[in-house]
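Participant: To start, I am sharing the structure in question, which I have written as structure tokens.
In our numbering, the protein residues as written are 8 to 392.
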């Protein structure tokens with residue numbers, strides 16, 4: 008009985024073993040079957056995308072656009088210098104015509120005695136025409152009025168206009184030498200004391216030259232004032248001029264030399280050099296200015312040395328002009344702030360004292376308010392003709 012039970016159990020076990028052997032998958036199939044719970048992944052570098060239909064579609068990010076290249080700055084187109092003083096005449100006559108009206112009123116009296124002539128001379132002196140020039144104008148007018156016996160406003164205005172034009176030097180050469188020559192650019196050195204507006208004048212002069220068709224390079228040789236080079240760069244960017252600058256506190260003569268050298272390499276027409284403001288009473292500073300000019304002249308002559316004077320300083324400007332002229336041989340004067348003063352007679356005084364012509368005048372704060380000096384337009388503005 009016992010043997011019978013053991014036989015049955017062994018038979019069942021053998022039957023179960025045979026069944027599992029017949030119906031189980033092959034070991035090779037099992038080796039290549041993916042593990043349960045792990046999704047099939049496409050092999051690397053395969054172009055086949057495996058998507059799970061049960062999972063929601065993931066939106067693709069839009070393509071990232073490359074940042075646009077910065078656009079070139081829009082350049083100003085300055086007007087030409089020709090006739091600029093005439094266009095700005097209103098600003099000049101608004102502050103200067105008091106001189107002309109006062110003189111015309113005195114000269115149009117029925118009787119002009121010695122006291123009246125003294126008043127004429129005083130009016131000229133108050134306008135900073137200068138003692139010698141005022142006396143000369145009065146003497147000539149007095150003689151002509153006595154000889155002609157004229158009193159009508161039109162005739163008196165004509166006489167006064169002629170005398171003022173003679174005194175101011177209508178035939179004086181006021182041309183700015185800014186054209187390239189001998190295969191090199193023209194070099195313009197701008198000098199003056201602090202606060203006269205040298206850097207602004209350099210920027211406005213660049214606009215005048217660009218408006219006349221010149222290519223310009225600005226040299227930022229005022230290395231002692233931190234904002235000077237930045238200010239000059241801003242002016243240059245507006246009109247498409249180049250700038251040469253050095254580190255703050257660097258040698259101004261070195262910057263000026265580099266500016267002229269780069270201007271010659273680039274083939275520009277004109278190099279305008281801004282210098283540091285300096286007190287005319289400081290001998291060391293004036294000697295340094297002379298050194299700067301000599302360093303620049305190693306590459307060729309300086310074509311213009313423009314002294315910037317504030318017209319509101321009056322006779323004090325003459326003192327400055329004399330000392331600067333001794334240091335660097337001034338070739339021309341730029342009178343700034345001429346629209347804000349009734350002392351336009353400084354034009355007469357500067358030219359008589361120095362023998363140097365006024366070549367440019369500043370008549371406002373706008374970028375195009377620097378104008379070549381035109382004697383006839385200036386005198387007409389004085390007389391409000």
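Just so you know, even glycine gets a beta-carbon here, dropped at the ideal spot from N, CA and C.
Whole angstroms is fine: what's the gap from residue 373's alpha carbon to residue 206's?
Facilitator: One C-alpha to the other measures close to 14 Å.
Participant: Could you say if the segment 160-176 and the segment 234-246 meet the contact criterion of at least three C-beta pairs nearer than 8 Å?
Facilitator: The segment 160-176 is not in contact with the segment 234-246.
Participant: Per the contact definition of three or more C-beta pairs closer than 8 Å, is the segment 271-281 in contact with the segment 188-195?
Facilitator: Flag = yes, the segment 188-195 and the segment 271-281 touch.
Participant: Using CA atoms only, rank isn't needed, just tell me which of 334, 324, 333, 239 is closest to residue 354.
Facilitator: Residue 324 is the option with its Cα nearest to residue 354.
Participant: Residues in the same chain with beta-carbon distance under 8 Å from residue 364, minus the five sequence neighbours each way, listed in chain order, please.
Facilitator: If we look at residue 364 and ignore the five residues flanking it on each side, its Cβ neighbours are 176, 179, 180, 181, 339, 340, 358, 380.
Participant: Sort 204, 230, 291 by Cα distance to residue 316 and report the nearest one.
Facilitator: Comparing Cα-Cα distances from residue 316 to each of 204, 230, 291, the minimum goes to 204.
Participant: So, using beta-carbon positions, are residue 299 and residue 332 closer together than 8 Å?
Facilitator: Not closer than 8 Å, so no.
Participant: May I have the straight-line CA-CA distance separating residue 111 from residue 321, to the nearest angstrom?
Facilitator: Spanning the two alpha carbons is a distance of roughly 23 Å.
Participant: Since residue 226 sits in a beta bridge, which residues does DSSP pair it with?
Facilitator: Residue 226 is bridged to 251, 280.
Participant: Taking residue 296 as the reference, give the member of 200, 82, 120 with the closest Cα.
Facilitator: That would be 200, whose Cα lies nearest to the Cα of residue 296.
Participant: What's the C-alpha gap between residue 170 and residue 89?
Facilitator: Straight-line Cα distance between these residues: approximately 25 Å.
Participant: Pull up the CB-CB distance for residue 218 and residue 85, whole angstroms please, since I reckon it's below 8 Å.
Facilitator: The pair is a contact, with the Cβ atoms about 4 Å apart (cut-off 8 Å).
Participant: Given this structure, state the Cα-to-Cα distance separating residue 256 from residue 237, to the nearest angstrom.
Facilitator: Going by the C-alpha atoms only, they are around 14 Å apart.
Participant: Throw me the rounded Cβ distance for the residue 389 and residue 106 pair, which I believe falls under 8 Å.
Facilitator: Contact flag correct, Cβ pair sits at about 6 Å.
Participant: What do you get for residue 382, buried or exposed, if any count of 16 or more other CB atoms within 10 angstroms of its CB means buried?
Facilitator: The residue in question, residue 382, is buried, as its Cβ has 16 or more Cβ neighbours within 10 Å.
Participant: Starting from residue 360, follow the alpha helix (DSSP H) in both directions and report where the run begins and ends.
Facilitator: That run of the alpha helix (DSSP H) goes 353-361.
Participant: CB residue 149 to CB residue 124, shorter than 8 Å?
Facilitator: Yes, the pair counts as a contact, with Cβ atoms nearer than the cut-off.
Participant: Decide if residue 301 is buried, meaning its Cβ has at least 16 other Cβ atoms within 10 Å, or exposed.
Facilitator: Classification of residue 301: exposed, given that the 10 Å Cβ count is below 16.
Participant: Any idea if residue 310 is buried or exposed, counting beta-carbon neighbours within 10 angstroms, 16 or more meaning buried?
Facilitator: By the 10 Å Cβ count, residue 310 comes out buried.
Participant: Can you say whether residue 272 is buried or exposed, counting buried as having 16 or more other CB atoms within 10 angstroms of its CB?
Facilitator: By the neighbour-count rule (16 or more Cβ atoms within 10 Å), residue 272 is not buried but exposed.
Participant: Quick check on DSSP: helix, strand or coil for residue 366?
Facilitator: Looking at residue 366 - three-state DSSP - the assignment turns out to be strand.
Participant: Rounded to whole angstroms, what's the CA-CA distance from residue 386 to residue 127? Just pull it up for me.
Facilitator: Taking the straight line joining both Cα atoms gives about 17 Å.
Participant: Since residue 311 sits in a beta bridge, which residues does DSSP pair it with?
Facilitator: BP columns for residue 311 point to 195.
Participant: If we ignore side chains and look at the alpha-carbon of each, how far apart do residue 185 and residue 154 end up?
Facilitator: Taking the straight line from one Cα to the other gives about 46 Å.
Participant: On a CA-only basis, which of 266, 312, 239 is nearest residue 251? Give me that one, please.
Facilitator: For the residues 266, 312, 239, the minimum Cα distance to residue 251 belongs to 266.
Participant: Answer with buried or exposed for residue 87, where buried requires no fewer than 16 other C-beta atoms within 10 angstroms of its C-beta.
Facilitator: When all chains shown are included, residue 87 counts as exposed.
Participant: Thinking residue 303 and residue 263 are a contact (beta carbons under 8 Å), I'd like their distance in whole angstroms, please.
Facilitator: So it is a contact: roughly 5 Å between Cβ atoms.
Participant: Would you decide whether residue 403 is buried or exposed? Buried here means 16 or more other CB atoms lie within 10 Å of its CB.
Facilitator: As shown, the chain starts at 8 and ends at 392. That puts residue 403 outside it, with no answer to give.
Participant: If you follow the alpha helix (DSSP H) that residue 179 is part of, which residue opens it and which one closes it?
Facilitator: Per DSSP, residue 179 belongs to no alpha helix (DSSP H) and is neither H nor E.
Participant: DSSP three-state label for residue 86, please.
Facilitator: Residue state, collapsed to three classes: coil.
Participant: If we count the other Cβ atoms within 10 Å of its Cβ and call it buried at 16 or more, is residue 214 buried or exposed?
Facilitator: Residue 214 should be labelled buried.
Participant: Mind pulling the alpha helix (DSSP H) runs of 4 or more residues that sit fully within the segment 104-164?
Facilitator: Fully enclosed alpha helix (DSSP H) runs of 4 or longer: 121-133, 138-155.
Participant: Between which two residues does the alpha helix (DSSP H) holding residue 218 run?
Facilitator: Counting along the chain, the alpha helix (DSSP H) containing residue 218 begins and ends at 205-218.
Participant: Is the distance from the Cβ of residue 337 to the Cβ of residue 293 below 8 Å?
Facilitator: Against a cut-off of 8 Å, the Cβ pair of residue 293 and residue 337 comes out as no contact.
Participant: Once the 5 residues before and after residue 269 are set aside, which same chain residues still bring their CB inside 7 Å of it?
Facilitator: Result list for residue 269: 224, 251, in chain order.
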